[in-house]
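Engineer: End of the sequence shown = 566 in the numbering used here, gap-free, step of one. Dropping a structure here in structure tokens format, bear with me for questions.
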Amino acid sequence: MSRMETAQQEAALLPRMPQRKLRDIPGNYGWPLLGDTVPFLKDYHSLVTTQARQYGLVFKGSVLFQRGVTLLGPEANEFVLKDPEHAFSSRAAWNPILEKLFTDGLMLRDFADHKFHRRIMQQAFKKPALASYLGRMSHHIDSQLPSWNTGEPLHFLDHIKALLLDVGAQIFFGLEMGPEADKVNQSFIDTTEASLAVVRLPIPGLLWHRGMKGRRYLEDFVTGLIPEKRNSDTPDFFSELCKAADEEGGLTDRDVMNHMIFLLFAAHDTTTSTLCSIIYMLAKHPEWQDMLAEEMQGLGKATLDYDDLGKLEKTGWVFRETLRMRPPLTTFPRRTVRDVEYQGYTLPKNTLVNISPLFTHYMEDYWSHPHTFDPARFSDDRAEHKQHFYQWLPFGGGHHKCLGLNFAELQSKIFLFHFLQRYRVSVKPGYEVPTQQVPLIMPKDGLPVTIEKR
Ligand code: HEM
């Protein structure tokens, strides 16, 4: 049996095996049972910064009823994510949270099996596919924005969530707006919300029950569309994935269905979080709004073509700087499938290992004045982000690096292209957005902003 197959079998067994003690690793487990769950949920950034100050860049701890080790900094990120020895399982880390709702999604697969599925899915993210989604997306965003109310506070989070769901129904499934798209969107929301459920029992009225019902609806809906999508050439992820699955000859209908449902999950809240953060940053820094609007007007076009995206250089810096300061996934996990040595410490087999984009993005060794919003740090002249390949990782890295990163940038730029040329956005003087940091960065108050016609 190959080393990779052994690692896969081991990963499948992991949750059932007891974890050896992390005796030699510095750190503490906080309160009995609860550990540091309360400070983790309240202010993860403060917690991880305090722990790093106290113990250094490798320490143990306990949150959400699980003991684990945190490894910090670009070297640690590279070690865990590049993982040439296949020692870190993504499946064993994510499955306890996502298995029932987002079964066998790409992030829930490991090693050879993951590589096989990822190679097929990559087809749906190549340039010609992305370019084919662009026109539809652009048209829809441009037609919806005029209905947003000007001159009075609006909750940006609600507006962008609704807009992205509608765009998602078109771009992922090729659906036109209407009752069917609404039902799909609601089922998707129920399924996603259930991933946060503490009580995972099928009791009517509870999050979990609604989530499983949503999942079943999505399963039936997606499976029912597969024959049609396998034979169509519409510009959406679903037909691209069916095409790729057929060409490679490897994906069953069930695989395609699972991948589609997982894609919705991977794409939606992350892009919602990103656009909220960008709009917040721009509202706080109106000079950047003007610079971007000018850059966009400079193209002299009413809609963007794929090749225009690269010309929006400053918009690209703002996208990157916002993701540095507010990466949607502030921290994410792996689980060791064998004993691992790192910087003189042994991480026993089956240890939960957390890495932290958020912490890395504020390290003074890599970023000048990291608390300052300074998009030009990403310019070619300054290129602060180029000291270490793993110092900027809002999209993760290595084997599981986000497949949707170009799509996310494209969607954000298209939204900003239409929004900033139409509106100026502001927040009340002195406003600081209250932020949920885990599992994803999100404005807790819905991000009240005011928009005015430019
Ligand atoms: C700004 C928005 C986004 C951010 C910050 C983001 C972030 C991430 C991160 C950190 C991971 C890796 C997680 C891990 O290694 O455990 C990931 C994986 C993934 N993302 Fe994204 N994502 C974004 C948007 C999207 C979009 C729009 C799509 C799809 C259209 C997408 C599809 C995926 C997929 C399929 C994976 C799994 C890759 C694999 O396991 O091989 N993401 N994303």
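Virtual Cβ for every residue (Gly too), placed ideally from N, Cα, C. These numbers come from a predicted model, not from an experiment.
Rounded C-beta distance between Phe377 and Thr304? I'm assuming under 8 Å.
Structural biologist: Confirmed, about 6 Å.
Engineer: Would you mind listing the alpha helix (DSSP H) stretches within the region 432-505 that are 4+ residues and don't spill past its ends, in chain order?
Structural biologist: Whole alpha helix (DSSP H) segments, 4+ residues: 469-472.
Engineer: Assess, as a yes-or-no matter, whether the region 207-226 is touched by the region 509-517 under the definition of 3 or more beta carbon pairs within less than 8 Å.
Structural biologist: yes
Engineer: Whose CA, out of Ala306, Phe507, Trp206, Asp278, lies closest to the CA of Lys295?
Structural biologist: Asp278
Engineer: Quick check: does the Cβ of Gly229 come within less than 6 Å of any heavy atom belonging to ligand 1?
Structural biologist: According to the sequence displayed, residue 229 carries His and not Gly. Taken from the Cβ of His229, every heavy atom of ligand 1 lies 6 Å or farther away.
Engineer: Determine whether the beta carbon atoms of Leu653 and Pro440 lie at a separation below 7 Å.
Structural biologist: There is no way to answer for residue 653, as the model of the chain reaches only from 113 to 566.
Engineer: Along the alpha helix (DSSP H) that carries Leu183, what are the first and last residues, could you check?
Structural biologist: Counting along the chain, Leu183 falls outside any alpha helix (DSSP H), though it belongs to the beta strand (DSSP E) covering 178-183.
Engineer: Taking 6 Å as the cut-off, is the beta-carbon of Pro555 closer than that to any non-hydrogen atom of ligand 1?
Structural biologist: Outside the cutoff, so no.
Engineer: Going by the beta-carbon positions, is the gap between Gly510 and Lys194 smaller than 7 Å?
Structural biologist: Taking 7 Å as the Cβ cut-off, Gly510 and Lys194 qualify as a contacting pair.
Engineer: Can you look up Gln549 in the DSSP assignment and give me helix, strand or coil?
Structural biologist: coil
Engineer: By Cβ distance, which residues of its chain are closer than 7 Å to His252, with the 5 residues on each side in sequence left out?
Structural biologist: Asp278, Val279, Gln282
Engineer: Closer than 6 Å: is that where the CB of Cys514 sits relative to any heavy atom of ligand 1?
Structural biologist: Cys514 Cβ: within cutoff of ligand 1.
Engineer: Do Ile390 and Thr434 have their C-beta atoms closer together than 7 Å?
Structural biologist: Taking a C-beta distance under 7 Å as the contact criterion, Ile390 and Thr434 qualify as a contact pair.
Engineer: Nearest to Thr547 by CA position, among Lys154, Gly147, Thr484, Arg328, is which residue?
Structural biologist: Lys154
Engineer: Could you compute how far the alpha carbon of Met113 sits from the alpha carbon of Asp225?
Structural biologist: In this prediction, Met113 scores a pLDDT of 43, lower than 50, which makes its location untrustworthy; the coordinate-derived value is nonetheless stated afterwards. Answer to the nearest angstrom: the Cα atoms are 15 Å apart.
Engineer: Using the rule of at least 16 other Cβ atoms within 10 Å of the residue's Cβ for burial, across every protein chain shown, is Leu337 buried or exposed?
Structural biologist: buried
Engineer: Return yes when at least one heavy atom of ligand 2 lies under 6 Å from the C-beta of Pro186, else no.
Structural biologist: In terms of ligand content, the structure shown lacks ligand 2 and carries ligand 1 instead.
Engineer: Any idea which residues DSSP pairs Ile563 with across the strands?
Structural biologist: For Ile563, which the question treats as bridged, DSSP gives the partners Val537.
Engineer: In the DSSP output, which residue or residues are listed as bridge partners for Leu111?
Structural biologist: Examination of residue 111 is not possible in this model, given that the chain is present from 113 through 566 alone.
Engineer: Just to confirm the assignment, what range does the alpha helix (DSSP H) spanning Phe152 have?
Structural biologist: For Phe152, the enclosing alpha helix (DSSP H) covers residues 149-154.
Engineer: Looking only at C-alpha atoms, which of Asp270, Gly362, Pro506, Gly317 sits nearest to Phe471?
Structural biologist: Per the Cα distances, Pro506.
Engineer: Verify whether the separation of the beta carbon atoms of Phe285 and Phe350 is less than 7 Å.
Structural biologist: Yes; because the gap between Cβ atoms is below 7 Å, this pair is in contact.
Engineer: Heavy atom of ligand 1 less than 6 Å from the Cβ of Thr386, yes or no?
Structural biologist: yes
Engineer: For Trp429, name the three-state secondary structure that DSSP assigns.
Structural biologist: Helix at Trp429.
Engineer: Let me check you understand the geometry: is the CB of Thr383 closer than 6 Å to at least one non-hydrogen atom of ligand 1?
Structural biologist: Result yes, Cβ under 6 Å from ligand 1.
Engineer: For Pro398, does the three-state DSSP call read helix, strand or coil?
Structural biologist: helix
Engineer: Residues in the same chain with beta-carbon distance under 6 Å from Lys556, minus the five sequence neighbours each way, listed in chain order, please.
Structural biologist: Pro546, Gln548
Engineer: Taking only three categories from DSSP, how would you classify Lys556?
Structural biologist: Collapsing the DSSP output to three states places Lys556 in coil.
Engineer: Which residues in the same chain have their Cβ closer than 6 Å to the Cβ of Lys461, if we skip the five residues on either side of it in sequence?
Structural biologist: Answer for Lys461: Thr448, Arg450, Asp451, listed in chain order.
Engineer: Considering only residues of the same chain and omitting the five flanking positions on each side of Val608, which have a CB-CB separation below 8 Å?
Structural biologist: The requested residue 608 does not occur in the structure, where the chain is confined to residues 113 to 566.
Engineer: Per DSSP, Lys172 forms a beta bridge with which residues?
Structural biologist: Gly139, Val181
Engineer: Indicate the three-state DSSP secondary structure (helix, strand or coil) for Ser201 in the structure shown.
Structural biologist: strand
Engineer: Just mark Ala414 as buried or exposed, buried being the case when its beta carbon has 16 or more other beta carbons within 10 Å.
Structural biologist: exposed
Engineer: Around the C-beta of Ser385, are 16 or more other C-beta atoms found within 10 angstroms, so that it is buried, or is it exposed?
Structural biologist: buried
Engineer: Whole beta strand (DSSP E) runs in the region 273-333 with 3 or more residues, listed along the chain?
Structural biologist: None, since the region 273-333 contains no complete beta strand (DSSP E) of that length.
Engineer: Verify the contact flag: Leu318, CB atom, against every heavy atom of ligand 1, threshold strictly below 6 Å.
Structural biologist: no
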